[in-house]
Amino acid sequence: MAGDRLSGTAEALVNPNPYAAPQARHWKMLDASTLQRDATIECDVAIVGTGAGGGTAAEILARSGLRVVMLEEGPLKTSSDFHMLEREAYPNLYQESAGRRTKDEGIIILQGRSVGGSTTVNWTSSFRTPPATLAYWRERFGLDTFTPAALAPWFAMMERRLGIHRWEREPNDNNDVLRRGAARLGIPTAVIPRNVRGCYNLGYCGVGCPTNAKQSMLVTTIPAALAHGAQLVSRVRAERFVQKSGAVAELECSALDSAGLRPGPYTLRVRARAFVAAGGAINTPALLMRSSVPDPHRRIGVRTFLHPTVISAATMPEEVVASSGAPQSIYSDHFLKTQAIDGPIGYKLEVPPLHPVLTSSTFTGLGEFAASQMRNFNHLQAIIALMRDGFNEESVGGTVGLHGDGTPILDYPISSFVWDGMRRALLTMAEIQFAAGARTALPLHESAVPYHSWAEARVAIAALPMEVLRTRVASAHVMGGSAMSKDERDGVVDQHGRSHALENLYVFDGSAFPTSLGVNPQLSIYGMVARNASGLAASLTGRPAARLAERDDAGSEMPNGRSALIAESVTPTVL
Amino acid sequence: MPLTRGRLLKTGFAGGLVLALAGCAHSNGSTFHDDAAAYKVLDAGERGTVAALAPAFLAGALPTANGAPTHDALVAAVRGFDTALSGLPPVDVAQIQKLLGMLDNPFIKPLATGIWSSWSDASPATVTAFLNRWRFSPIELLRGGYDVLHQLTMAGWYGQDRAWQAIGYPGPPRLS
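Chains A and B, in that order, give the protein sequences. With this note's numbering as the guide, the letters of the first sequence map in order to residues 257 to 831. With this note's numbering as the guide, the letters of the second sequence map in order to residues -1 to 174.
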């Protein structure tokens, strides 16, 4: 079995698994599916979600001396479990087994769901929030503290903390096609900064980094928070905030069953001074909706953005082996800059890694058509174009709703304004692929076939019906739905992430963005949350918040036992 | 107007008839048999339907003998579908099971698929033609049904080591 692969000398070469270290035995970690009765936890700050937002907040708050409890719906899986197998990773590490879709089934959404959230499975691209995006937020949403200069120290702190640096190795051939083809067309590209230390350049970031090189929350901030006495509860679903007198009194959670998919019989209650929602866009607005957080202007769940993404696949004459090597190392923002930010929709160009499940289920067609694409597997190359949604009145994003069982569903109709950008992007990508020497280019669209020249592709793409469930559309970036705003009529939280409605409720995740970003979101979340969690820590302790250093000192910390699990059945009282 | 899988079942071709009849009868008379204990979700009827669809989705990918997928390969494809399905949230599993139930219902299946024979008597070309009708349908909810079945079938097959040799994927690298 693949587990053997990390044995022997290889184990010594990779970054150690922090959860296998001796001191981890003292960490307070609970798999809620093992609970045998109801339980109550008391702490200073309860954090729902352990992704980019929850993880960053946890370390800052715990280092600042606060008793922190982290709650994660997914399981705790670590490098010991990461066998670089899609069939294991998707059910264990992704929302809805990597099959989350929008309401009309038209957009496939890749979002993480394990300790570390999407940072455990993302492709490591790390960009600061673009100045043009921040300027739009200041003008349209009154977010006057979101200036590049004000955020720079927070981005810098998180870049140091997570080892973010421009990738110094050669791009893999999949990325190099984007670089080469774009260069021949005079389209500038650049090298992507990545959050890695000692990267093996394997190409399996999306299924859990087996060497702990990726500086995800799983191996950085969460172990550091645990070393500072925080408690981690996995396989627990935050059901609702219980309100009293304009504040949250407690958080009611369901312990999940052993498969981690359904609520089991036991309830976990968390009582805290402050509550942080950091379950990611879609899940955070859904939690606020289940909690009936006052929303007089109906802002919860609306304006949810996806960077809806279209894909062009090429067959190259040479082997590409797009399953191997750092998945994303080259990008182009050229088509974000060719028109005004609120003009016709712009798009960012990147490439995706190609692994068998992701490729076969995303590629179009069936039977021999599909099989012949897959037989080309090692010659396949793909470019993706991410639409920068949310900057125009014809791009208002999607709306989160709830199923009967309380789980969320995102309704995201794609407007003709967005389809227009998608068609332009399919043209751009095919042209780049032919410029790089592609034998064929295949836009992922049910009516498309592999085209053999740019001239042929240009005519054919111009005629493709751009409609839902004909054009393949995917998303790995979910943003908005609990937006920041200065005026409470325009959003859900203020610039500090604090709820406009409940005084001790905070949103520290990508759902707080008022638009999409135009870049992969993780560093934008880290920077915003580092600042806002530091503000929360200072307000709760009366002292400046702890700063995060380059490396965590989890290895040298002793547990201090500050958070207490009271494992007893309690009656559902409101404090 | 966007229609969800739930709406598909409530407002589709046969309206209330669907709900009245779904689950009342099975039509496929499938010849597909496998150990029930190997499945987390699919019942015998659903397995038969998936076994009828998989050779069309995976034509050219499933190993064949005498022009038909080998029993081993078909079992692996159906089990793979079950595995992929079992990781979805309960609300989605239930809806996909309703979709499969509709495809196995003697009253609804002919209307929905244009296939009047049992699944086991339907030729691969007939099944492919039905899938392409849904794939290119002007009705969004049929395209959605097609796409969900496509995704689960492909993911279920290509997640398995046995699918990799044919595409030249060596499997994950060894870290030593």
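Even glycine gets a Cβ: it sits at the ideal position worked out from N, Cα and C.
- When only Cα atoms are considered, A/P427 and A/L605 end up about 15 Å apart.
- Rounded to the nearest whole angstrom, the CA to CA distance from B/N103 to A/A719 is 38 Å.
- Proximity of B/G65 to chain A, defined by a Cβ-Cβ separation below 8 Å, is not satisfied.
- Between A/Q584 and the set A/V433, A/I363, A/K742, A/G309, the nearest pair of CA atoms involves A/V433.
- The stretch 391 to 398 of chain A makes no contact with the stretch 488 to 498 of chain A: fewer than 3 CB pairs, one atom from each, lie closer than 8 Å.
- Counting other Cβ atoms within 10 Å of its Cβ, A/Q292 stays below 16 and is therefore classed as exposed.
- Look at A/F633: its C-beta is under 8 Å from a C-beta on chain B.
- Interface flag for B/P171 against chain A is set, since a Cβ pair is found closer than 8 Å.
- Within the stretch 387 to 416 of chain A, contact with chain B at the beta-carbon level (separation under 7 Å) is assigned to no residue.
- Close CB contacts of A/P608 within its chain, under the 6 Å cut and outside five residues either way in sequence, are with A638, I640 (chain order).
- Under the Cβ criterion of 8 Å, A/H701 is not counted among the residues facing chain B.
- Listed in chain order, the non-local C-beta contacts of A/E508 below 7 Å within the same chain comprise E495, R496, V498, T523, R525, local neighbours out to five positions each way being set aside.
- For the set A/Y275, A/N776, A/A768, A/F690, the Cα lying nearest the Cα of A/G536 is the one of A/A768.
- Annotated as distal: A/I556 and A/V304, with beta-carbon spacing of 8 Å or more.
- With fewer than 16 other Cβ atoms from the protein chains shown falling within 10 Å of its own Cβ, A/T594 counts as exposed.
- The C-beta of A/G623 comes closer than 8 Å to at least one C-beta of chain B.
- Counting along the chain, no beta strand (DSSP E) covers A/N273, and no H or E run does either.
- Per DSSP, A/N539 is one residue of the alpha helix (DSSP H) stretching across 539 to 546.
- Along the length of the stretch 425 to 456 of chain A, whole beta strand (DSSP E) runs at least 3 residues long occupy 449 to 451, reported in chain order.
- About 7 Å separates the beta carbon of A/V489 from that of A/V325, a gap short enough to meet the 8 Å contact definition.
- Under the three-pair Cβ rule at 8 Å, the stretch 557 to 575 of chain A counts as touching the stretch 645 to 665 of chain A.
- Taking a C-beta cut-off of 8 Å against chain A, the contacting residues of the stretch 88 to 109 of chain B are P88, V89, D90, listed in chain order.
- Of the other Cβ atoms in all chains shown, 16 or more fall within 10 Å of the Cβ of A/F591; this residue is therefore buried.
- At a cut-off of 8 Å between beta-carbon atoms, B/D145 makes contact with chain A.
- A/H611 sits in coil when the DSSP states are folded into three classes, being neither helix nor strand.
- With the criterion set as a beta carbon lying under 9 Å from some beta carbon of chain B, the members of the stretch 353 to 367 of chain A are S353, A354, G355, R356, R357, T358, K359, D360, E361, G362, I364, in sequence order.
- For A/A494, the beta-bridge partners assigned by DSSP are A/C509.
- A Cβ-Cβ separation of about 5 Å places A/R422 in contact with A/P449 under the 8 Å criterion.
- Taking 8 Å as the upper bound for CB-CB distance, B/F128 and A/G623 are not in contact here, some 12 Å apart.
- Flagged as an interface residue toward chain A: B/T126, by a C-beta distance shorter than 8 Å.
- The DSSP-derived three-state label of B/Y37 is coil.
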